[in-house]
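First to last, the protein sequences are chains R and L. Using numbering that gives the first Met the number 0, the first residue of the first sequence is number 0, and each one after it goes up by one. Using numbering that gives the first Met the number 0, the first residue of the second sequence is number 0, and each one after it goes up by one. Using N, Cα and C, we set each Cβ at its ideal position, and we do this for glycine too. One structure below.
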Amino acid sequence: MDRAIELDRLTKTYRVRERAPGLRGAIRALGRGSWREVVAVRDLDLAIDRGERVAFVGPNGAGKSTTIKMLSGILHPTSGHASVLGFAPWRERQRLGFRIGTIFGQRTQLWYHLPPRDTFELLRHVYDVSASDHATRLDRYVERFEIGALLDQPVRQLSLGQRMRCEIVAALLHAPEILFLDEPTIGLDVDAKAVIRDLVREESERAGRTLLFTSHDTGDMEEVCDRVVVIHEGRLLLDESIASLRRTFIGRKRVTVHTGEEVLNLDCGVLPGVEIKDRQPHRTTLEVELARTPVERLVSALARSARLTDLSVEDPPMDEIVRAIYRRSSATGVAS
Amino acid sequence: MSGATAAAPSPGHALRATFAFAQLGARQERAGFAAWAGRLGFYCVILLIFSRLWDVIFAERLLDDPRFSASAFVWYLALTEWATLSTPQIWMDIEADVRSGDVAQRLCRPVSYVVGKLAEAAGALLPRLVVLGGGGLGFAAIVAGGLPQDPRGLVWAIPIVVFAALLQLLSFTIVGLTALWLDEVGPVYWIWQKGMFLLGGLMVPLAIYPDVVREVAWWTPFAPMLNGLGRLAFGATTEELVQTFVALAFWIAVACVVLSWQFRRGVRGLETGGG
Chain R
0 MDRAIELDRL TKTYRVRERA PGLRGAIRAL GRGSWREVVA VRDLDLAIDR
50 GERVAFVGPN GAGKSTTIKM LSGILHPTSG HASVLGFAPW RERQRLGFRI
100 GTIFGQRTQL WYHLPPRDTF ELLRHVYDVS ASDHATRLDR YVERFEIGAL
150 LDQPVRQLSL GQRMRCEIVA ALLHAPEILF LDEPTIGLDV DAKAVIRDLV
200 REESERAGRT LLFTSHDTGD MEEVCDRVVV IHEGRLLLDE SIASLRRTFI
250 GRKRVTVHTG EEVLNLDCGV LPGVEIKDRQ PHRTTLEVEL ARTPVERLVS
300 ALARSARLTD LSVEDPPMDE IVRAIYRRSS ATGVAS
Chain L
0 MSGATAAAPS PGHALRATFA FAQLGARQER AGFAAWAGRL GFYCVILLIF
50 SRLWDVIFAE RLLDDPRFSA SAFVWYLALT EWATLSTPQI WMDIEADVRS
100 GDVAQRLCRP VSYVVGKLAE AAGALLPRLV VLGGGGLGFA AIVAGGLPQD
150 PRGLVWAIPI VVFAALLQLL SFTIVGLTAL WLDEVGPVYW IWQKGMFLLG
200 GLMVPLAIYP DVVREVAWWT PFAPMLNGLG RLAFGATTEE LVQTFVALAF
250 WIAVACVVLS WQFRRGVRGL ETGGG
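What follows is the structure, encoded as structure tokens:
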């Protein structure tokens with residue numbers, strides 16, 4: 000399969016100036032000062048095929064944004080190599096710019112006092128899109144992203160969710176082959192997040208567009224991506240499909256039972272590793288450690304102890320899985 | 000070397016994109032009616048206050064020079080403020096882009112960030128020149144009690160104000176780009192603004208300054224940018240007009256070279272040190 004992105008021992012080290020506190024520190028800093036090296040990304044190897052949707056996950060300071068900046072050509076690496084659609088991004092940023100799109104959740108490319116339509120028209124000239132292609136794409140996205148009523152309203156009057164839909168359209172109008180999304184759902188409410196996730200995923204599937212998606216919200220990676228890359232302190236911790244990640248890291252299941260009885264009367268003492276997490280009238284949520292009690296045994300015990308009206312078995316939320324990955328890396332050192 | 004092949008942009012792409020930025024700047028300017036009204040109101044208030052001040056100064060013979068009159072001083076101020084109030088404060092936009100990190104996203108576009116910014120500001124500049132020129136110079140005619148003694152100066156003011164405002168715009172861009180190195184751009188702008196007051200003759204013509212200051216001022220970009228425009232209120236000789244045009248063209252060329260070098264250095268810093 001054709002590669003969209005290839006990273007080979009990509010490393011970025013920043014020099015950070017250190018300054019002692021107080022007036023003496025300020026005066027000393029006027030001279031040579033002292034510098035400290037901070038490794039933001041360390042020997043990162045990664046290959047992403049065209050059309051893949053990859054979640055790039057890590058805690059603050061893990062090196063996610065630094066990597067995306069290197070891939071979009073804004074930052075030069077200290078060592079190593081990267082290829083994006085065959086370009087060395089930091090040497091050919093402007094040529095690459097025609098073929099990638101970027102969305103930074105806390106940045107905007109829409110002109111604040113003008114309607115989105117004006118920005119879209121500007122971007123048509125910036126990305127050298129013909130008038131007919133622009134009109135066709137805009138019609139499609141207006142319908143798909145439901146932004147018809149927003150097109151002629153000044154951006155300052157739009158809600159964050161509405162603005163983000165317009166931001167995504169702005170990033171898609173030149174039909175980029177790769178879309179870099181850096182925290183696109185940050186600050187959005189649950190409904191707006193769901194809409195953005197659906198749209199981004201569908202649009203990627205329709206156009207075979209490669210996505211590299213960073214987020215702190217594990218829901219984003221579950222709903223949008225097929226593969227997850229976890230980095231921590233600049234190093235690759237894990238690179239797996241979402242499904243495989245769940246299989247590898249899920250040691251617990253969450254069981255929710257609805258019962259005819261108001262209170263579930265279950266003796267957890269005879270079921271090792273079973274814990275009641277939440278209790279409401281007629282509804283109880285339990286968590287079971289699979290290595291100690293198989294889920295079938297718990298379900299049988301539940302069936303014996305109450306009149307079940309409904310039952311669901313779920314994996315724990317993705318953020319617990321990611322926390323488990325970080326815990327494992329802290330305990331054992333960084334895996335490759 | 001990359002192994003990639005990308006369709007080259009069509010001929011004239013950069014020019015069309017630059018023009019689109021200018022159009023957007025003009026459109027953004029049209030959208031801000033309150034800002035228009037505020038700027039024009041401020042212009043008129045300044046002219047009114049200074050016209051009263053010049054009336055008193057000339058009536059009391061505090062400035063006794065047959066070359067000057069209260070009316071000519073009002074026209075001098077009207078011309079220098081025409082350029083100054085029309086020039087967008089682009090340095091604030093650039094500082095905001097650098098501080099927020101938006102500059103990084105703009106650098107991903109296949110069009111130069113600084114060219115886009117300049118074109119956008121130039122797009123805002125032209126309608127401002129028209130509106131402030133019409134409204135402000137009209138008001139100046141009322142408070143000064145008529146046109147300047149040699150009204151041909153006002154005709155020459157039209158091309159000169161465009162050059163002067165362009166030089167101000169370039170200098171404000173240079174001020175704004177210092178944000179790539181400094182935490183605060185405000186003090187740099189403040190120093191530049193004092194240069195405009197003291198060496199440019201923003202409020203009063205350099206002709207009443209001591210000789211040595213006047214000599215120094217004409218070696219800086221401030222004098223042609225402001226005094227060169229304002230002195231048209233007193234009528235201008237061909238020699239003075241040529242001096243102003245040549246000096247403005249020279250400083251615009253210098254500003255372009257400095258800007259280009261500064262931007263390349265700044266972007267190199269961003270590329271290696273992050274933003």
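Count the other C-beta atoms from every protein chain shown that fall within 10 angstroms of the C-beta of residue i, then say buried if there are 16 or more, exposed otherwise.
i	result
L/G2	With a pLDDT of only 46 at L/G2, under 50, the local geometry of the prediction cannot be trusted, and the value read off the model is given with reservation. By the 10 Å Cβ count, L/G2 comes out exposed.
R/V40	buried
R/R164	buried
R/S335	The pLDDT assigned to R/S335 is 36, lower than 50, so where the model puts this residue is not dependable, and the model offers no usable value.
R/C224	buried
L/T17	buried
R/E204	exposed
L/L61	exposed
L/C255	exposed
L/M0	Model confidence at L/M0 stands at a pLDDT of 42, short of 50, so the residue's coordinates are unreliable; what they give is reported in the following sentence. Exposed, since its Cβ has fewer than 16 Cβ neighbours within 10 Å.
R/V15	exposed
R/A81	buried
R/A109	Here the sequence assigns Leu to residue 109 of chain R, which means Ala is not the residue at that position. R/L109 comes out buried.
R/K68	buried
R/E145	exposed
R/T135	exposed
L/N226	buried
Please tell me whether residue i and residue j are closer than 7 Å, where the distance is taken between their beta carbons.
i	j	result
R/D181	R/F103	yes
R/D219	L/H12	no
L/T177	L/V187	yes
R/I275	R/A3	no
L/W81	L/L131	yes
R/R8	R/G62	no
L/F138	L/C43	yes
R/P114	R/P153	yes
R/G250	R/L211	no
R/V298	R/V287	no
R/P58	R/G72	no
L/P147	L/A206	no
L/W250	L/L166	yes
R/L301	R/L43	no
R/D314	R/R245	yes
R/G268	R/T292	no
L/E119	L/L23	yes
R/G50	R/T209	yes
L/A156	L/S70	no
Residue i: beta carbon under 6 Å from a heavy atom of the ligand ZN?
i	result
R/T283	Only the bare structure without any ligand can be found here, which leaves the ligand ZN out of the picture.
Report the neighbours of residue i on chain L: residues whose CB is nearer than 9 Å to its CB, in chain order.
i	result
R/S240	Going along chain L, no residue has its Cβ under 9 Å from R/S240, so there is no contact; the nearest lies around 28 Å.
R/L113	L23, R26, Q27, A30
Using a C-beta to C-beta distance shorter than 8 Å, which residues of chain R count as neighbours of residue i?
i	result
L/E280	Absent from the structure is residue 280 of chain L, since the part of chain L shown begins at 0 and ends at 274.
L/P109	Q93, R94, G96, F97, V125, Y126, D127
L/Q104	T101, F103, R106, Q108
L/A216	Neighbours of L/A216 on chain R: none; closest Cβ ~32 Å, over 8 Å.
L/P10	Neighbours of L/P10 on chain R: none; closest Cβ ~10 Å, over 8 Å.
L/R38	Within 8 Å Cβ-Cβ: nothing; L/R38 doesn't reach chain R, min ~16 Å.
Name the one or two DSSP bridge partners that residue i has.
i	result
L/L84	DSSP output for L/L84 lists no bridge partner at all.
R/E313	R/R253
R/R16	R/W34
R/I102	R/L180
R/E5	R/A46, R/S82
R/L210	R/R52, R/L178
L/K193	According to DSSP, which records beta bridges pairwise, L/K193 is partnered with nothing at all.
Can you name the residues of chain R whose CB is closer than 7 Å to the CB of residue i?
i	result
L/G152	Within 7 Å Cβ-Cβ: nothing; L/G152 doesn't reach chain R, min ~36 Å.
L/G100	R106
L/R15	H124
For a contact defined as C-beta to C-beta under 9 Å, what are the partners of residue i on chain R?
i	result
L/F20	L121, H124, V125
Whose Cβ in chain L lies nearer than 7 Å to the Cβ of residue i?
i	result
R/D117	L23, R26
R/T13	Checking the sequence shown, residue 13 of chain R turns out to be Tyr, not Thr. Per Cβ cutoff of 7 Å: G272, G273.
What residues of chain L sit near residue i, judged by a beta carbon separation below 8 Å?
i	result
R/K63	What R/K63 touches in chain L: nothing, since even the nearest Cβ is about 13 Å away.
R/K68	A103, G273
Entirely enclosed beta strand (DSSP E) segments - the stretch 223-309 of chain R, minimum 3 residues: 226-231, 234-240, 251-258, 273-279, 282-288
Length at least 4, wholly inside the stretch 53-120 of chain L: the alpha helix (DSSP H) runs in chain order: 69-85, 89-99, 101-106
Contiguous alpha helix (DSSP H) assignments of at least 4 residues, all confined to the stretch 33-97 of chain R: 63-70, 92-96
Inside the stretch 197-227 of chain L only - alpha helix (DSSP H) runs reaching at least 4 residues: 210-216
Contained beta strand (DSSP E) runs [length at least 3] in the stretch 130-197 of chain R, N- to C-terminal order: 177-181
Whole runs of the alpha helix (DSSP H) within the stretch 122-182 of chain L, excluding any shorter than 4 residues: 151-176
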